[in-house]
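*Asks:* Please read through the structure below; I'll follow up with questions.
Protein chains: 2
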Amino acid sequence: LIRTTKLQRTYQMGKNTVQALAGVDLEIERGTFVALVGPSGSGKSTLLNVIGGLDRPSSGEVWVSDLELGQAPDKKLVSFRRDRVGFIFQSFNLLPTNQAWENVALPLMLAGRSRSERRQRAESLLEQVGLGDRADHRPAELSGGQQQRVAIARALANDPVLILADEPTGNLDSRTGRDVLLLLQRLVREQNVTLLMVTHDMNAASYADRIVHMRDGKIEQIETIERT
Amino acid sequence: LIRTTKLQRTYQMGKNTVQALAGVDLEIERGTFVALVGPSGSGKSTLLNVIGGLDRPSSGEVWVSDLELGQAPDKKLVSFRRDRVGFIFQSFNLLPTNQAWENVALPLMLAGRSRSERRQRAESLLEQVGLGDRADHRPAELSGGQQQRVAIARALANDPVLILADEPTGNLDSRTGRDVLLLLQRLVREQNVTLLMVTHDMNAASYADRIVHMRDGKIEQIETIERT
Ligand SMILES: Nc1ncnc2c1ncn2[C@@H]1O[C@H](COP(=O)(O)OP(=O)(O)OP(=O)(O)O)[C@@H](O)[C@H]1O
Ligand SMILES: Nc1ncnc2c1ncn2[C@@H]1O[C@H](COP(=O)(O)OP(=O)(O)OP(=O)(O)O)[C@@H](O)[C@H]1O
Ligand SMILES: [Mg+2]
Ligand SMILES: [Mg+2]
Numbered sequence: 019l020i021r022t023t024k025l026q027r028t029y030q031m032g033k034n035t036v037q038a039l040a041g042v043d044l045e046i047e048r049g050t051f052v053a054l055v056g057p058s059g060s061g062k063s064t065l066l067n068v069i070g071g072l073d074r075p076s077s078g079e080v081w082v083s084d085l086e087l088g089q090a091p092d093k094k095l096v097s098f099r100r101d102r103v104g105f106i107f108q109s110f111n112l113l114p115t116n117q118a119w120e121n122v123a124l125p126l127m128l129a130g131r132s133r134s135e136r137r138q139r140a141e142s143l144l145e146q147v148g149l150g151d152r153a154d155h156r157p158a159e160l161s162g163g164q165q166q167r168v169a170i171a172r173a174l175a176n177d178p179v180l181i182l183a184d185e186p187t188g189n190l191d192s193r194t195g196r197d198v199l200l201l202l203q204r205l206v207r208e209q210n211v212t213l214l215m216v217t218h219d220m221n222a223a224s225y226a227d228r229i230v231h232m233r234d235g236k237i238e239q240i241e242t243i244e245r246t
Numbered sequence: 019l020i021r022t023t024k025l026q027r028t029y030q031m032g033k034n035t036v037q038a039l040a041g042v043d044l045e046i047e048r049g050t051f052v053a054l055v056g057p058s059g060s061g062k063s064t065l066l067n068v069i070g071g072l073d074r075p076s077s078g079e080v081w082v083s084d085l086e087l088g089q090a091p092d093k094k095l096v097s098f099r100r101d102r103v104g105f106i107f108q109s110f111n112l113l114p115t116n117q118a119w120e121n122v123a124l125p126l127m128l129a130g131r132s133r134s135e136r137r138q139r140a141e142s143l144l145e146q147v148g149l150g151d152r153a154d155h156r157p158a159e160l161s162g163g164q165q166q167r168v169a170i171a172r173a174l175a176n177d178p179v180l181i182l183a184d185e186p187t188g189n190l191d192s193r194t195g196r197d198v199l200l201l202l203q204r205l206v207r208e209q210n211v212t213l214l215m216v217t218h219d220m221n222a223a224s225y226a227d228r229i230v231h232m233r234d235g236k237i238e239q240i241e242t243i244e245r246t
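As given, the protein sequences belong to chains A and B, one line each in that order.
For what it's worth, the working numbering labels the leading residue of the first sequence as 19, then goes sequentially.
For what it's worth, the working numbering labels the leading residue of the second sequence as 19, then goes sequentially.
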């Protein structure tokens, strides 16, 4: 489903150049759960943003099924993200003036669903992440881990074929985190969703089929997890 | 240094009442490192906010040395926070239009230090959290874990006697997280700083002298860590 070739993303800071991605070659098959790990600042969020069409390469190519994202026009990236990708942001990016269920329902609104359809789907998803009784709270009325779970539920709302999760359990206790990871794993196995998950938690990474290790904007190694 | 008595914090949501803190009795001695753990939504951030004078109790008392924060006038809370507390927020709360060093230097500006003094102190602190080469980046030009480390450095800038850290390693890889925890531990042991740290990471909690377990707005148990 995903293929990057010699992918680079460079930032110009005055006279200095920051090589956030310094040549990434990566292939991810449809319906696999891949964990992306590495030191803070090694380029994980940048890689996720480029694969999700939120950022453009400086050079190299990034293919998601038959679409090359680097050359695609903006309109194509917008519809790609809206229809096919569910993104869980490292800083959540919830709408502060909207209630939890409205935040979750946002992708469905963009997809043109009716209000009752959206409300029902949003409440079901909030239930699945343990927030059934928080549907009407706004982000400032939620704990950090609750906000994170709203962001997770939102990413699943539109039944995406590709989920890009940037540290989805960073603010969750071990039990709540495990529930989220089992939910994500189930989506991969039962609905053939492709999941690329950045994490600093090696226990979370152990739920994946493969673990990609990054350092200084490059892939250092890839582990395949054998399950008996 | 810290004593809470029958501390409650209640939120009114239409007809429902959320008991974020449901009667908390806690004592923390000066110069100790206390970890606060518990499920997502159990009241940890709320407790930290009340102890730091960022939020008022609904009932009960919270004493930090000789100041009872529930009854103190706003002006006293402002000077308390400015002069004595370093706060690391769960969502960082950096100023987006300011560079990393300016964000770190903000408490020193509020304390009236000169610009060169502020710049030097800020750069030294950024060095200590591994961001010496990122001093001029703005938050949007930093990774999640780098933003978290800027928030940590800022909390230390004014040599606070009390540090309140809300999940300070949640976005850090294990090596960077360990460096931060050792730095915090050193401040407690060498400078008699009092540190109350919320965390979901039991490895991070193991750096503390005591671990306070919360559930549903109450303290469930307190573990004391014996070090040989
Ligand atoms: N302004 C508010 N209005 C209503 N409820 C609130 C408000 N702020 C917090 N809450 C509720 O209070 C409870 C405690 O929140 P708190 O942020 O202290 O949890 P926490 O232990 O820090 O959780 P986490 O580990 O997820 O960060 C949560 O259930 C939350 O939904
Ligand atoms: N807009 C920008 N301008 C300059 N440098 C940037 C910009 N955005 C990111 N960077 C730099 O690119 C590098 C990679 O950032 P990225 O956010 O991908 O790291 P990460 O692996 O997600 O880190 P973390 O684990 O801390 O979230 C970092 O060193 C960061 O400082
Ligand atoms: Mg990141
Ligand atoms: Mg919290």
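Quick reminder that beta carbons are idealized off the backbone N, C-alpha and C, glycines included.
None of the values given here were measured: they were computed from a predicted structure.
Taking Cβ positions, are B/Met232 and B/Gly56 nearer each other than 8 angstroms?
*Replies:* Cβ distance < 8 angstroms, so B/Met232 and B/Gly56 count as in contact.
*Asks:* Strictly below 8 angstroms CB to CB, what residues from chain B border A/Gly56?
*Replies:* Under the 8 angstroms cutoff, chain B gives Asp191.
*Asks:* Going along chain B, which residues have a C-beta under 9 angstroms from A/Glu159?
*Replies:* Within chain B, the residues near A/Glu159 are Tyr29, Met31 and Val36.
*Asks:* Evaluate A/Met31 with the Cβ neighbour count: other Cβ atoms within 10 Å of its Cβ, from every protein chain shown; 16 or more gives buried, anything less gives exposed.
*Replies:* That one is exposed.
*Asks:* The alpha helix (DSSP H) that contains A/Thr194, what's its start and end?
*Replies:* Run containing A/Thr194: Ser192 to Gln209, per the alpha helix (DSSP H) assignment.
*Asks:* Thinking just about the alpha-carbon of each residue, which of B/Leu72, B/Gly130 and B/Ser76 is nearest to the one in B/Ser28?
*Replies:* The sequence given here has Thr at residue 28 of chain B, not Ser. Minimum Cα distance to B/Thr28 is reached at B/Ser76.
*Asks:* If you drop the 5 nearest sequence neighbours on each side, which residues of the same chain put their C-beta closer than 8 angstroms to that of B/Met127?
*Replies:* So the qualifying residues of the chain are Arg136.
*Asks:* Suppose contacts are defined by Cβ-Cβ distances below 8 angstroms. Is A/Arg74 in contact with A/Gln117 by that definition?
*Replies:* No.
*Asks:* Anyone know if the C-beta pair for A/Ser63 and A/Asp184 falls short of 8 angstroms?
*Replies:* Yes.
*Asks:* Put A/Lys33 into one of helix, strand or coil per three-state DSSP.
*Replies:* A/Lys33: coil per DSSP, three-state reduction.
*Asks:* Among B/Leu65, B/Ser60, B/Asp177 and B/Leu200, which one has its Cα closest to the Cα of B/Leu44?
*Replies:* The candidate whose alpha carbon is nearest that of B/Leu44 is B/Leu65.
*Asks:* For ligand 1, is there a heavy atom less than 7 angstroms away from the beta-carbon of B/Gly56?
*Replies:* It does: the Cβ of B/Gly56 is within 7 angstroms (strictly closer) of some heavy atom of ligand 1.
*Asks:* Going along the chain, which unbroken runs of the beta strand (DSSP E) with 3 or more residues stay wholly within the region 75-115 of chain A?
*Replies:* You should have 77-82 and 103-106.
*Asks:* Could you pull the start and end residues of the beta strand (DSSP E) that B/Tyr228 belongs to?
*Replies:* According to the sequence displayed, residue 228 of chain B carries Arg and not Tyr. Unbroken beta strand (DSSP E) run through B/Arg228: Arg228 to Arg233.
*Asks:* Measuring only from the beta carbon, is A/His155 closer than 7 angstroms to any heavy atom that is part of ligand 1?
*Replies:* Result yes, Cβ under 7 angstroms from ligand 1.
*Asks:* Give the interface partners of B/Ser63 over in chain A, defined as CB-CB distance under 9 angstroms, in chain order.
*Replies:* Per Cβ cutoff of 9 angstroms: Ser161 and Gly162.
*Asks:* Rounded to whole angstroms, what is the Cα-Cα separation between A/Arg21 and B/Val230?
*Replies:* Taking the straight line joining both Cα atoms gives about 47 angstroms.
*Asks:* Looking at A/Asn121 and ligand 1, is the gap between the Cβ and the nearest heavy atom below 7 angstroms?
*Replies:* Incorrect: A/Asn121 has no Cβ contact closer than 7 angstroms to ligand 1.
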